[in-house]
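Novice: As you go down the protein sequences, you meet chains D and H in turn. Quick note: the first sequence uses my numbering, first residue -16, plus one each step. Quick note: the second sequence uses my numbering, first residue -16, plus one each step. C-beta atoms are modelled at their ideal positions from N, C-alpha and C, and glycine is treated no differently. Here it is: the structure, laid out below.
2 protein chains.
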Amino acid sequence: MPNSKRLNVAVVGATGMVGQEMLRVLAQRMFPSERILALASERSKGLTIPYNGSSITVEPLEENAFKGIDVALFATSGDLALIHGPAAAESGALVIDNSSAWRMKQNVPLVVPEVNSDDIKDNEGIIANPNCCTIPLTVVLNPLRSAVGIERVVMSTYQSASGAGRALVDELEEQTKAIAEGSEPPVVAYPYQLAYNVVPGGWRPEPDGYNEEETKIVNETRKILHNPDLRIVATCVRVPVPVGHGEAVFIETHDKITADEARTLFGESPGIVVEDDPHAKIYPTPHHVAGKDEVYVGRIREDPSTSHGLALWIVSDNLRKGAALNAVQIAERAIELGVL
Amino acid sequence: MPNSKRLNVAVVGATGMVGQEMLRVLAQRMFPSERILALASERSKGLTIPYNGSSITVEPLEENAFKGIDVALFATSGDLALIHGPAAAESGALVIDNSSAWRMKQNVPLVVPEVNSDDIKDNEGIIANPNCCTIPLTVVLNPLRSAVGIERVVMSTYQSASGAGRALVDELEEQTKAIAEGSEPPVVAYPYQLAYNVVPGGWRPEPDGYNEEETKIVNETRKILHNPDLRIVATCVRVPVPVGHGEAVFIETHDKITADEARTLFGESPGIVVEDDPHAKIYPTPHHVAGKDEVYVGRIREDPSTSHGLALWIVSDNLRKGAALNAVQIAERAIELGVL
C-alpha cells in the first residue's frame, strides 16, 4: 500500500456468508484499518463474531451507523443496499456493494480490479461488486480480448450452494446426512433436492426464458469489458458443492490463438492460476479451489467447431474472488488510486 | 410386435450396472424372449441374479456360450466385446454392443432408434449402442435438423457416477457417508473426490486436450446423424449424482426457430418429454428423471448471441435410454424390420 492512512471500515451484513468472508479477507490481507465496524440487522445486535483472532460486537444497521466510516463493504440484500448504500455514501463512505442492486446503474462503476480498475475513479460514492460467476469469467476474458479479441462467449455454470446463501449450504448438509442415513432429504431452501442432483434453476425466471442469474452474467460482462454488444449466452446450473463455482466456457476469438499460447497468456495474467495437465490428472475442481484467492483455469483446448475458438474450464471460490475478496481488492485499488 | 417369434437372448456382462438394467428393461418391456441367458466372467459363475420376479443363474462367457442365441446384448468392456462380439455374431446372434469398441467401425451401424433405425438393416452381425451422452443429444438434435438444419452444437455435460460404473457409485455413497460423519472421504475410484465436488475429467485424455468421452460425443453424433462435417464441441464433467446425465446444449440452427416452435416440435417428437415452465419451477433434474425412459428437455430459450440458435437443457437416465433401454429398443426395431 503506497498510502499509510488507516481507514474506518464497515462490513454491512456481517453475519452472512459473504460478510463473514469479508471480515476474514480484511484480516488476512492486513487491510489498513483503524477500526472495523460489523453491521447487521436489528436481530443480530449484540452478537459477537470472530475477527482476526479476536471478536467484534455486531451493531445495528441504522441511520447514523456510517458516521466516520471511510469505506463500507455491503453484503446485504439488494433492497437494503438500495436504502443504506446512498446513506453511507452521503455520510462520506465509499460504498462497495456486493448486491446486484447498483451494478447496472449508469454512474456506478462495476469493477473487477484485474480488468477495469480505472473505472473506480468514476464513482459517485458507490462501486458495485459483480456477480460471483461474472468475476472469474471476466478475469479470464480480459487477457484474451487484449491478445486476440473476443467474438462470442458460451458458458454453462456449475454453481455451488453457498452462492444461494447459508440456508442452502445447511440444507445440502442436512440432505447429505439424510441420504447417508437412508431417510428422506428435506427440501425447503431450493425448488428441488440438491444433494445427489443438479438443478438448472432456482433463480428468478424472466420473460425470455433466461433467469436473473444468466441475464446478470450477460449484462455485467458487457459492462465490465466496456463492450455493450458482446455476444454472450449462459445456462446456469446449481450443483451439490458447498463452495466453489465451475464454468465450462467456449470462447470464439477474432484472431487465432493456440492452446499453448493461451496457457502462456493466462499464466502471465494477474489473478489467474493455470492447472492444466489432464495426462497427469491436473485440472481445477471446486473442492480444492475453495479457500483460494485466484481464478483457476484448466482443460484449455482449441475449439475445432469454430474458425478461432477456445474451450476451457474455470473454477473460483465464489465467496472469495466471486464476492468478498473482489470487494476488498476494489477498496485496496481505490487506496492506490487515491480515491480512498 | 408384428412378429410373434420368441427369441433366445443373451445378456453379456449381466452382473454390471448396465447388464442388470438390460435384464430389467427386457422384463419390463415384455421383450419376446424364449430364453434369457445371463453371461458374465468366470468369477461370477453360478451367481443368481434377479430377473422378472424370479432369478437366473449366471453362466460363464466362453467360446460356445452363444450357441442357439438370436440376440446378444453386450454390456462388457470394449476388450471383451472385441473378442466375443464376432464369435457371437458368427454363431448366428445379432450382437448389440454397448461398449465403444465397435461404434466407429465402418460396417457397424451405430443406432438410436428414434433417429436412424434404418441403419440397422446394414448390419453384418454387430450393431453398436452409442455413448450415454450421445444418445439423448441425438434424440433432441434429430427433429431440429429436419425442421431447421443444424450448423453447430456446443455442449457441457453433468454426468452421473453410474456412467463410470458401480465402483464410482459405491464410492460416492461412501464419500457421502464420510462427509455426513465428518470423516475423510475415501478417494480410490476416481482422480478426485466426487461428493461435494464436480470433476472435469476422469476419462482418458487425448493429445489435443480433449478426452475420450468428448471425442466419442463428437464422432458418434456425426455418424448417427450422417453428417461427418457437423461442427460440434463438448466439455465433459462428472457430478456427484448416482444416476442421470444432464447436458447444457447450445445449438446454432440454419433457419430460425422460436422457443415456442421448438417446444411444440420436441413435444411431437418420439422419445422426448418437454418439461419447461421455469415460472412454475418446472425443468428436468437427474434426481427425478432417473428410472424414466424418455429424454427430458427443458430451459428451451432462443440464443440471442448467434443469428439463429437455441439454448436448452437435457436430462436422461444414462443406464436406461443412455445404455440398456436403447440397446433393447434396437433389438425391438430389428424385429420390426425383419432383421431379427
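From D:V94, D:N81, D:S37, D:G(-4), pick the residue whose C-alpha is nearest to that of A10 (chain D); which is it?
Specialist: Of D:V94, D:N81, D:S37, D:G(-4), the residue nearest in Cα terms is D:S37.
Novice: Counting only the same chain and skipping the five closest in sequence on each side, list residues whose C-beta sits under 6 angstroms from that of E196 (chain H).
Specialist: Once the five neighbours on either side are set aside, the close Cβ partners of E196 (chain H) are W186, C219.
Novice: Just tell me which of D:W296, D:D238, D:S27 has its CA closest to the CA of Y279 (chain D).
Specialist: The residue with the shortest Cα to Cα distance from Y279 (chain D) is D:W296.
Novice: Considering only C-alpha positions, which residue in the set H:N114, H:V122, H:K88 is nearest to V106 (chain H)?
Specialist: One point to set straight first is that residue 106 (chain H) is Asn, not Val, in the sequence displayed. Per the Cα distances, H:K88.
Novice: Do P190 (chain H) and P261 (chain D) come within 8 angstroms of each other at the CB atom, strictly closer than that value?
Specialist: Contact flag unset, no.
Novice: Could you tell me the alpha carbon to alpha carbon distance between I110 (chain D) and V94 (chain D), rounded to whole angstroms?
Specialist: The alpha-carbon atoms of I110 (chain D) and V94 (chain D) are separated by roughly 7 angstroms.
Novice: Run down chain D in chain order and give the residues with a C-beta less than 9 angstroms from the C-beta of V123 (chain H).
Specialist: Within 9 angstroms Cβ-Cβ: nothing; V123 (chain H) doesn't reach chain D, min ~14 angstroms.
Novice: Taking 8 angstroms as the CB-CB cut-off, is S288 (chain D) touching chain H?
Specialist: By this cut-off, S288 (chain D) is an interface position.
Novice: Going by DSSP, which residues form a beta bridge with Y34 (chain D)?
Specialist: Y34 (chain D) pairs with D:S37.
Novice: Measure the CB-CB distance between I19 (chain D) and Y34 (chain D) and report whether it falls below 8 angstroms.
Specialist: Cβ atoms of I19 (chain D) and Y34 (chain D): closer than 8 angstroms.
Novice: Could you tell me the alpha carbon to alpha carbon distance between N301 (chain H) and N90 (chain D), rounded to whole angstroms?
Specialist: One C-alpha to the other measures close to 50 angstroms.
Novice: Can you say whether I207 (chain H) is buried or exposed, counting buried as having 16 or more other CB atoms within 10 angstroms of its CB?
Specialist: Looking at its Cβ environment, which holds 16 or more other Cβ atoms inside 10 Å, I207 (chain H) is buried.
Novice: Taking the alpha-carbon positions, what's the Q336 (chain D) to S290 (chain D) distance?
Specialist: Outside the displayed range of chain D (-16 to 323) lies residue 336 (chain D), so it cannot be described from this structure.
Novice: Where does T(-2) (chain D) fall in DSSP's three states?
Specialist: Looking at T(-2) (chain D) - three-state DSSP - the assignment turns out to be coil, as it is neither helix nor strand.
Novice: Report yes if the CB atom of L22 (chain H) is closer than 8 angstroms to the CB atom of V(-6) (chain H), and no otherwise.
Specialist: The answer is yes: Cβ separation under 8 angstroms.
Novice: So with CB distances below 8 angstroms, who are the chain D contacts of F57 (chain H)?
Specialist: None at all; the shortest Cβ gap to chain D is about 29 angstroms.
Novice: Taking DSSP as the reference, what is the three-state secondary structure of M13 (chain D)?
Specialist: In this structure, M13 (chain D) counts as coil in the three-state DSSP scheme.
Novice: Scan the stretch 149 to 180 of chain D for residues whose Cβ lies nearer than 7 angstroms to a Cβ of chain H and list them as they occur along the chain.
Specialist: If the cut-off is 7 angstroms between Cβ atoms, the stretch 149 to 180 of chain D has T159, K160, I162, A163, P174, Y175, Q176, Y179, N180 near chain H.
Novice: Assess contact between the stretch 219 to 235 of chain D and the stretch 145 to 154 of chain D, defined as three or more Cβ pairs (one per stretch) separated by less than 8 angstroms. Is contact present?
Specialist: Counting Cβ pairs under 8 angstroms, three or more are found: they touch.
Novice: Taking the alpha carbon of Y266 (chain D) as the reference point, which residue from D:A231, D:P69, D:I79 has its own alpha carbon closest?
Specialist: It is D:A231 whose Cα lies nearest to the Cα of Y266 (chain D).
Novice: In terms of alpha-carbon separation, which member of D:P96, D:E45, D:N81 lies closest to A71 (chain D)?
Specialist: Here the closest residue by C-alpha is D:E45.
Novice: Can you tell me which of the three DSSP states T247 (chain D) falls into?
Specialist: If DSSP states are grouped into helix, strand and coil, T247 (chain D) belongs with the helices.
Novice: Along the chain, which unbroken stretches of the beta strand (DSSP E) at least 3 residues long are found entirely within the stretch 110 to 158 of chain D?
Specialist: Fully enclosed beta strand (DSSP E) runs of 3 or longer: 133 to 141.
Novice: Would you mind sorting T159 (chain D) into buried or exposed? The rule is 16 or more other CB atoms within 10 Å of its CB.
Specialist: Per the 10 Å Cβ criterion, buried.
Novice: Is I133 (chain D) close to chain H? Criterion is C-beta to C-beta, closer than 8 angstroms.
Specialist: For I133 (chain D), the answer is no, since every Cβ of chain H falls outside 8 angstroms of its Cβ.
Novice: So, helix, strand or coil for G184 (chain D), using DSSP?
Specialist: Here G184 (chain D) sits in coil by DSSP.
Novice: Leaving out five residues before and five after L213 (chain D) in sequence, what residues of the same chain have Cβ atoms less than 6 angstroms from its Cβ?
Specialist: Contacts found: R205.
Novice: By how many angstroms is the C-alpha of A242 (chain H) removed from the C-alpha of L6 (chain D)?
Specialist: About 45 angstroms.
Novice: For T268 (chain H), return the contacting residues in chain D, with the cut-off set at a CB-CB distance below 7 angstroms.
Specialist: The answer, in chain order, is Y175, N180, V181, V182.
Novice: Exposed or buried, which one is L124 (chain H) when buried takes at least 16 other CB atoms within 10 Å?
Specialist: Buried: at least 16 other Cβ atoms inside 10 Å.
Novice: DSSP three-state label for E195 (chain H), please.
Specialist: Of the three classes helix, strand and coil, the one that applies to E195 (chain H) here is helix, per DSSP.
Novice: Less than 8 angstroms separating the beta-carbons of D259 (chain D) and G281 (chain D)?
Specialist: A contact, by the Cβ cut-off of 8 angstroms.
Novice: According to DSSP, what are the bridge partners of T218 (chain D)?
Specialist: Answer by DSSP bridge pairing, in chain order: D:S139.
Novice: Quick one: which chain D residues come within Cβ less than 9 angstroms of R214 (chain H)?
Specialist: Simply P287, S288, T289.
Novice: Out of H:I162, H:E285, H:K(-12), H:P43, which one is the CA nearest neighbour of G(-4) (chain H)?
Specialist: Nearest option by C-alpha distance: H:P43.
Novice: Against S139 (chain H), what residues of chain D qualify as contacts under a CB-to-CB distance less than 7 angstroms, listed in chain order?
Specialist: In chain order: S139, A231.
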